[in-house]
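Accompanying notes for the structure given below.
Protein chains: 2
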Amino acid sequence: MVSDSINPNISVDCVVFGYDFKHLNVLLVERTLIGVNNETIFSDYSLAGNHIYEDEDIDGAASRILEDLTGFKKVYLKQFQSFAHPDRLKKIRDQKWLRSIGYNSQNRVITVGYYALLNCKEVTIHPGNRIVKWTPVEKVKKLAFDHNEILSNALDDLRLKMRTSPIGYELLPKKFTLSQLQKLYEVIYDTRIDKRNFRKKIAKLNYIVPLNEKQKGVAHKPAQLYMYSQEVFEITKREFFDITI
Amino acid sequence: MVSDSINPNISVDCVVFGYDFKHLNVLLVERTLIGVNNETIFSDYSLAGNHIYEDEDIDGAASRILEDLTGFKKVYLKQFQSFAHPDRLKKIRDQKWLRSIGYNSQNRVITVGYYALLNCKEVTIHPGNRIVKWTPVEKVKKLAFDHNEILSNALDDLRLKMRTSPIGYELLPKKFTLSQLQKLYEVIYDTRIDKRNFRKKIAKLNYIVPLNEKQKGVAHKPAQLYMYSQEVFEITKREFFDITI
Numbered sequence: 704m705v706s707d708s709i710n711p712n713i714s715v716d717c718v719v720f721g722y723d724f725k726h727l728n729v730l731l732v733e734r735t736l737i738g739v740n741n742e743t744i745f746s747d748y749s750l751a752g753n754h755i756y757e758d759e760d761i762d763g764a765a766s767r768i769l770e771d772l773t774g775f776k777k778v779y780l781k782q783f784q785s786f787a788h789p790d791r792l793k794k795i796r797d798q799k800w801l802r803s804i805g806y807n808s809q810n811r812v813i814t815v816g817y818y819a820l821l822n823c824k825e826v827t828i829h830p831g832n833r834i835v836k837w838t839p840v841e842k843v844k845k846l847a848f849d850h851n852e853i854l855s856n857a858l859d860d861l862r863l864k865m866r867t868s869p870i871g872y873e874l875l876p877k878k879f880t881l882s883q884l885q886k887l888y889e890v891i892y893d894t895r896i897d898k899r900n901f902r903k904k905i906a907k908l909n910y911i912v913p914l915n916e917k918q919k920g921v922a923h924k925p926a927q928l929y930m931y932s933q934e935v936f937e938i939t940k941r942e943f944f945d946i947t948i
Numbered sequence: 704m705v706s707d708s709i710n711p712n713i714s715v716d717c718v719v720f721g722y723d724f725k726h727l728n729v730l731l732v733e734r735t736l737i738g739v740n741n742e743t744i745f746s747d748y749s750l751a752g753n754h755i756y757e758d759e760d761i762d763g764a765a766s767r768i769l770e771d772l773t774g775f776k777k778v779y780l781k782q783f784q785s786f787a788h789p790d791r792l793k794k795i796r797d798q799k800w801l802r803s804i805g806y807n808s809q810n811r812v813i814t815v816g817y818y819a820l821l822n823c824k825e826v827t828i829h830p831g832n833r834i835v836k837w838t839p840v841e842k843v844k845k846l847a848f849d850h851n852e853i854l855s856n857a858l859d860d861l862r863l864k865m866r867t868s869p870i871g872y873e874l875l876p877k878k879f880t881l882s883q884l885q886k887l888y889e890v891i892y893d894t895r896i897d898k899r900n901f902r903k904k905i906a907k908l909n910y911i912v913p914l915n916e917k918q919k920g921v922a923h924k925p926a927q928l929y930m931y932s933q934e935v936f937e938i939t940k941r942e943f944f945d946i947t948i
């Protein structure tokens, strides 16, 4: 239950990462400045964000903002960094846009950055009255406010966390092939991985569980499907303690 | 250069971790509520924190707060998480203390958590007019505000980051022995590490560089000293890419 009272000093921005088996994409929201004669003065994109309510925790606000904008529930969503540079909302176009929607453009706003992870093919966006689009992260142009910096830091954090936590599976469907898993790592780290070495490593991980099931509806020879088991990971993760430092 | 104007909505709290070769300690600051007759109503401890100035970035604020309180400069200091629960300052003793120092106790304050890493034997604290003390993290009692939660999350983050980043060396002196390095990991992860396996792993890490120098002034046989090289790490870290997920 949230009140109608918005906190003018704290916002949340969600970097929604979606993987489509070819690219890592980010969900962008169109931002348009409308003039007095109803003409479009400019149109660009921002991350999915908004202010929090006074009686709301930030984790709750992040879930609400994501759900309002996309219809997504139960998506992996994690705080990674806050941004509070005194000038972060001070660019002329940002100032104009803030005034146009009735915000006090002089307020200092700290924004708490979250990222969400999902597979584009597994979700359908219900964006309400906003216009949203998936864009491959390497093709993102100049965004609103400091959102390019937020996106870039989210990506750094994702790359780091995927080396110690099993969060990469959030970007895949529940059942996946080993080629799909390998490709995910190649895309995220912008690198090529040797197939034999990769499969050797994966074979040692008890929490990647082979299923008695193969791909359906593919033109090539259908590959075996696997799933990631959080339960098995919890039991076995001590085995993977190692000093990579 | 900072203005005199304090932002009432954004604060920074620093979890200052100090290693003394036996314990991981945290620097706590005494907080005392003084009554109208100058009597002490209560006295407890908090993390090192304060509000930010209006024209200050949060990283800058964190450095300033740490330096004001301890005299430490050039210490490893990293943002890890923000905390903004609506009730985080609402406990009765916290409310009383906030009013006693002239703060509007009804303000909602988001605090950005940082942690600092250092070796207790390598620094001398110059705490100004505050009373500070090192306490082993496992012996920390009930702290002010939500500072127990902040400390606990900082420790989780440190444990995770030490597995992918060479930040553990910040807790050691510039020159250290392999036993000191092993003990550090045993303390942080509350575990026993097999000496032979540990030395085998370390021997493969080019960035832990043996020096032509031994310990001085020790009762036992002096051990060889090593240093961590960031330069070597930067060049070789691709070798340690591995899927532990």
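Same order as they appear, the protein sequences are chains G and H.
To convert a position in the first sequence, counted from 1, into my numbering, add 703.
To convert a position in the second sequence, counted from 1, into my numbering, add 703.
Every residue, glycine too, gets a C-beta built ideally from N, C-alpha and C.
By DSSP's assignment, aspartate 716 of chain H forms a beta bridge with H:Gly752 and H:Gly816. Listed along chain G, the residues sitting closer than 8 Å to isoleucine 713 of chain H by beta-carbon distance are Asn712, Ala787, Arg811 and Ile813. Note on geometry: alpha-carbon atoms of aspartate 893 of chain G and arginine 862 of chain G lie some 10 Å from one another.
Put simply, the stretch 868-886 of chain H does not touch the stretch 794-813 of chain H. Fewer than three CB pairs are less than 8 Å apart. Judged by DSSP in its simplified three-state form, lysine 836 of chain G adopts strand. Take isoleucine 896 of chain H, set aside five residues on each side of it, and the residues of its chain with a beta-carbon closer than 7 Å to its own are Gln885, Tyr888 and Glu889, in chain order.
Close to chain H, meaning a Cβ-Cβ distance shorter than 9 Å, are the following residues of the stretch 861-879 of chain G: Leu863, Lys864, Met865, Arg866, Thr867, Ser868, Pro869, Ile870, Gly871 and Tyr872. Under the Cβ distance rule, isoleucine 795 of chain H does not count among the residues neighbouring chain G, no pair being separated by less than 8 Å. As DSSP reads the structure, tyrosine 779 of chain H sits in a beta bridge with H:Leu820. CA-CA distance, leucine 727 of chain G to glutamine 933 of chain H, rounds to 31 Å. Against chain H, the CB of glutamate 916 of chain G has no partner CB under 8 Å away; the residue lies outside that interface. Taking 8 Å as the CB threshold, glutamine 798 of chain G stays off the interface with chain H. Your pair aspartate 716 of chain H and leucine 750 of chain H checks out as a contact, with CB atoms roughly 5 Å apart and the cut at 8 Å. Between arginine 902 of chain G and leucine 881 of chain G, the gap from beta carbon to beta carbon is short of 8 Å. At least 8 Å separates the CB of glutamine 933 of chain H from every CB of chain G.
When the five nearest sequence neighbours on each side are left out, the beta carbons in the same chain lying within less than 8 Å of the beta carbon of leucine 914 of chain H are those of Lys878, Gln927, Leu928, Tyr929 and Met930, in order along the chain. Between the alpha carbons of isoleucine 834 of chain G and asparagine 753 of chain G lies a distance of about 15 Å. Using a Cβ-Cβ distance cut-off of 8 Å, the stretch 729-741 of chain G and the stretch 832-850 of chain G are in contact, since at least three pairs of beta carbons, one from each stretch, lie closer than that value. Under DSSP, proline 913 of chain G forms a beta bridge with G:Tyr929. Excluding five sequence positions before and after asparagine 810 of chain H, the CB atoms of its chain that fall closer than 7 Å to its own CB belong to Pro711 and Asn712, given in chain order.
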